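Number of protein chains: 2
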Amino acid sequence: MQTPTELAAAYRSQGRKLTPQRQLLFQLMHGNDKHPTAESLFAEATAQMPGISLRTVYQTLNELAEMGELQFIDIGGGATRFDPNLDDHHHVVCVDCGQIRDVHVNGTAALKPVGIEDFTINDVGVVFQGVCSTCEKSRAKSHKTAHAKSPAQQAKISK
Amino acid sequence: MQTPTELAAAYRSQGRKLTPQRQLLFQLMHGNDKHPTAESLFAEATAQMPGISLRTVYQTLNELAEMGELQFIDIGGGATRFDPNLDDHHHVVCVDCGQIRDVHVNGTAALKPVGIEDFTINDVGVVFQGVCSTCEKSRAKSHKTAHAKSPAQQAKISK
DNA sequence: TTCTTATTCGCACGACTTGCTAATTAGGTT
DNA sequence: AACCTAATTAGCAAGTCGTGCGAATAAGAA
């Protein structure tokens, strides 16, 4: 995603208006590597601009996605998460706490799907599933105790 | 996923009951490579067993997932899709029509995430995004005409 | 056949996201 | 500086997907 300043210019050049709400969201998303949900962004935004609408957050995120400034990440379960990182990268997900980490991956260029001649491939996404060190520790103590989640809320496996 | 007969045995050995609803769903899912949603499975099931409940379809799919007989696939947008294929495989998605195809992928063993020492990786999923030949043809005719979908319903990119 | 317990069904509810629209505002124009 | 108009916002209703719950039912053992 471009800087807030660059986005301001991009917006104006497209006939879009530069509102305080948008400017705030530009700031909150720029360089943000937390892969926030709309709700969590809304919470942050509200802290700085009480009264901002969740609807506006969704709207702005959709605009930015249309403009190619960010990506949607759907990795099972809950809400869509947003990623302003436009570099060639992939994701690692902790199946316990749900955190998502950006990673560069070696070897993606060599990936070859077998037997899909009738598809024009445009993009490849790699998702690693694992357990982060923090969750690994809490697992050691409480064996499976509080970690059994319903299929719906736990990060789903999508091979 | 195992055959309906094998599943019947597995169910009984676990103290689960073998109901007609479950047996039907075993049949519908066995060898199914369409990656159906709960709704579409429900539709098929209803054709053969009017009165079967959507609730039961969800319940049975969750059971099968718990038993490791199938996977959830969440590739952006709409409903969860179910995959009874337990082989080591990955997926190709048509961003136009949303169809999902199973594929074997060469080179996955060589994939190396960079800089995530604090993660224990258990699984890797690869998703190719592209356009199937059918959609490619219709694109050639009607340029973008009916293919502009809202971000929400179109297959989302998850790098 | 009887009994116990799992299962089914259907509705209400919850999470997430979008549709709709009146009121407001950004930003160009006079 | 005041004005104009299209874009935007806010907020609530509604839609989609999936689950919680409880009464009625049925599987399978005794």
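Protein sequence lines correspond, in order, to chains A and B. Take 1 as the starting number for the first sequence in this note's numbering and just add one per residue. Take 160 as the starting number for the second sequence in this note's numbering and just add one per residue. We put the beta carbon where it would ideally sit given N, CA and C, even for glycine. Please read these numbers as outputs of a predicted model, since none were measured by experiment.
Distance CB(residue i)-CB(residue j) smaller than 9 Å
i, j, result
"A:G130", "A:V105", "no"
"A:A110", "B:A269", "yes"
"B:S231", "A:G76", "Reading off the sequence shown, one finds Phe at residue 231 of chain B, where the question assumed Ser. Contact: yes."
"B:V273", "A:V103", "yes"
"A:F26", "A:T3", "yes"
"A:E39", "A:L54", "yes"
"B:R181", "B:T219", "yes"
"A:F119", "B:C256", "no"
"A:G107", "B:G227", "no"
"B:D247", "A:F128", "no"
"B:T196", "B:R240", "yes"
"A:L7", "A:L64", "yes"
Residues sharing a beta bridge with residue i, DSSP
i, result
"A:G130", "A:C94 and B:I280"
"B:K271", "A:N106"
"B:F201", "Answer is none; B:F201 lacks a bridge partner."
"A:F72", "A:F82"
"B:R214", "Paired residue(s): none; B:R214 is not in a bridge."
"B:R260", "B:V251"
"A:T37", "A:R81"
Chain A contact residues for residue i, given Cβ-Cβ distances below 8 Å
i, result
"B:K193", "By Cβ distance, chain A contributes nothing, its closest Cβ being about 16 Å from B:K193, past 8 Å."
"B:G274", "V103 and H104"
"B:V216", "Those within 8 Å of B:V216 in chain A number zero; the least Cβ separation is about 14 Å."
"B:G174", "The premise fails here: B:G174 is roughly 19 Å from chain A at the closest Cβ pair, so nothing lies under 8 Å."
Supposed close pair residue i, residue j - CB separation, criterion 8 Å
i, j, result
"B:M160", "B:P179", "Incorrect: roughly 19 Å between the Cβ atoms, too far for contact."
"A:I100", "A:H91", "5 Å"
"A:D74", "B:D233", "6 Å"
"B:L183", "B:A204", "6 Å"
Proximal chain B residues relative to residue i, where beta-carbon distance stays under 9 Å
i, result
"A:L7", "Those do not exist, as A:L7 stays about 18 Å from chain B at its closest Cβ, beyond 9 Å."
Contact list for residue i against chain B, beta-carbon separation under 8 Å
i, result
"A:F119", "V251, C253, R260, F287, G289, V290, C291 and S292"
"A:E136", "T279"
Per-residue contacts from residue i into chain B (C-beta, under 7 Å)
i, result
"A:A110", "G266 and A269"
"A:G51", "Within chain B, no residue comes near A:G51; the closest Cβ sits about 25 Å away, beyond 7 Å."
Problem - Where the region 251 to 267 of chain B meets chain A: residues whose CB sits under 8 Å from a CB there - result: V251, C253, V254, R260, V262, H263, V264, N265, G266 and T267
Problem - Members of the region 228 to 241 of chain B that neighbour chain A once the beta carbon cut-off is set at 8 Å - result: Q230, F231, I232, D233, I234, G235, G236 and T239
Problem - Proximal residues, the region 176 to 202 of chain B versus chain A, C-beta separation under 8 Å - result: none
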